[in-house]
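Asker: Before we start, here is the structure in question, set down as structure tokens.
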Amino acid sequence: GAGVSQSPRYKVAKRGQDVALRCDPISGHVSLFWYQQALGQGPEFLTYFQNEAQLDKSGLPSDRFFAERPEGSVSTLKIQRTQQEDSAVYLCASSEWTASSGNTIYFGEGSWLTVV
Amino acid sequence: KQEVTQIPAALSVPEGENLVLNCSFTDSAIYNLQWFRQDPGKGLTSLLLIQSSQREQTSGRLNASLDKSSGRSTLYIAASQPGDSATYLCAVNKGAQKLVFGQGTRLTINP
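Residue numbers (this note's numbering), protein chains in the order written: chain A, 1 to 116; chain B, 1001 to 1111.
This is the structure in structure tokens:
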């Protein structure tokens, strides 16, 4: 596709439920990022992949959060035993090379998670 | 820890005005700084990217400047239009592949 695609766009989960959020980056993009955006705030970094390697997961808020990109393309962000504070928009982004090289980063429209 | 602050949090101006959005950051050791636009319910669109060695970048009616020594960047929008209404976010890249974002400025252009 032409851009970064995320699914589902909207998810309502009951507290304690597990959720999986999918990201299809732009074809051929090496770098993939996950960010979390709370209402009225700027996005906050969660994790970064270079191809299939997860090089930085320092932003994951707890061990309930897990991300993978097994074949270096599609990525999944999994949240186990969801809690109300997990309610946020989860943004996926990709870039052709590494972020520090100055390549443009392309964001998806996000997966809006509400935990009730 | 790098902190990014954007002032003002919200701005409402009449159509046609020139305006300036401000971004400040606490650690001047950055690779680059980007300005993004976010429309309601949408993802982020990259507007301008300034490398640490550059002073400014221009795209159409947008001009972004960077003063690393003072930890400041400004986004100048000329001849504002209602379609410019959105939230504008600045983000600094310190390397390690992560962007640190400000909270954004919510801009409303009134016809």
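Backbone N, C-alpha and C fix where the C-beta goes; we use that ideal spot for every residue, glycine too.
Who does B/T1026 pair with in a DSSP beta bridge?
Answerer: The residue given as residue 1026 of chain B occupies position 26 in the second sequence. Residue pairing for B/T1026: DSSP places it in no beta bridge.
Asker: Looking at C-alpha atoms only, which residue of B/V1004, B/Q1103, B/W1035 is the closest neighbour of B/D1027?
Answerer: Counting from one through the second sequence, the residue named residue 1027 of chain B turns up at place 27. Minimum Cα distance to B/D1027 is reached at B/V1004.
Asker: For B/G1095, is the classification buried or exposed, using 16 other Cβ atoms within 10 angstroms of its Cβ as the cut-off for buried?
Answerer: Sequence index remark: in the second sequence, residue 1095 of chain B carries index 95 (1-based). Under this definition B/G1095 is an exposed residue.
Asker: Compute the Euclidean distance between the alpha carbons of B/S1070 and A/K57, then round it to the nearest angstrom.
Answerer: Numbered from its first residue, the second sequence carries residue 1070 of chain B at position 70. Numbered from its first residue, the first sequence carries residue 57 of chain A at position 57. Cα to Cα, B/S1070 sits roughly 30 Å from A/K57.
Asker: Between which two residues does the beta strand (DSSP E) harbouring B/P955 extend?
Answerer: Look at the range of chain B in this structure, 1001 to 1111, and you will see that residue 955 of chain B is not part of it.
Asker: Should A/T114 be labelled buried (16 or more other beta-carbon atoms within 10 Å of its own) or exposed?
Answerer: Stepping through the first sequence from its first residue, residue 114 of chain A is reached at position 114. Looking at its Cβ environment, which holds fewer than 16 other Cβ atoms inside 10 Å, A/T114 is exposed.
Asker: Less than 7 Å between CB atoms is the rule here; does A/E109 satisfy it with respect to chain B?
Answerer: As a working mapping, residue 109 of chain A is identified with position 109 in the first sequence. Closer than 7 Å to some Cβ of chain B, the Cβ of A/E109 qualifies, so yes.
Asker: At least one CB of chain B closer than 7 Å to the CB of A/P61: is that the case?
Answerer: For this step, residue 61 of chain A is matched to residue 61 along the first sequence. False, the Cβ-Cβ gap to chain B never drops below 7 Å.
Asker: DSSP state of B/D1067, grouped into three classes?
Answerer: In the second sequence, counting from the first residue as 1, residue 1067 of chain B sits at position 67. Strand, per DSSP.
Asker: Does any residue of chain B bring its CB to less than 7 Å from the CB of A/G42?
Answerer: The count along the first sequence starts at 1 and reaches residue 42 of chain A at position 42. Yes, contact with chain B.
Asker: Any C-beta of chain A sitting closer than 7 Å to the C-beta of B/Q1057?
Answerer: As a position in the second sequence, residue 1057 of chain B is number 57, starting the count at 1. Cβ-Cβ to chain A under 7 Å: no for B/Q1057.
Asker: For A/T104, decide whether its Cβ has a neighbour in chain B, counting only Cβ atoms nearer than 7 Å.
Answerer: Locating residue 104 of chain A in the first sequence gives position 104, counting from the first residue. Judged by the 7 Å Cβ criterion, A/T104 is in contact with chain B.
Asker: For B/L1062 versus B/L1047, is the C-beta distance shorter than 7 Å?
Answerer: Here residue 1062 of chain B refers to the residue found at position 62 of the second sequence. Here residue 1047 of chain B refers to the residue found at position 47 of the second sequence. Going by C-beta atoms, B/L1062 is nearer than 7 Å to B/L1047.
Asker: Whole angstroms is fine: what's the gap from A/H29's alpha carbon to B/N1022's?
Answerer: Walking along the first sequence from the start, residue 29 of chain A turns up at place 29. Walking along the second sequence from the start, residue 1022 of chain B turns up at place 22. The alpha-carbon atoms of A/H29 and B/N1022 are separated by roughly 31 Å.
Asker: I want to verify the contact list: residues of chain B whose CB lies under 8 Å from the CB of A/F45, in sequence order.
Answerer: The residue labelled residue 45 of chain A in the question sits at position 45 within the first sequence. Result: K1098, L1099, V1100.
Asker: Nearest chain A C-beta to B/S1028 closer than 7 Å, yes or no?
Answerer: Within the second sequence, residue 1028 of chain B is the residue found at index 28, counting from 1. For B/S1028, no CB of chain A lies under 7 Å from its own CB, so it is not counted at the interface with that chain.
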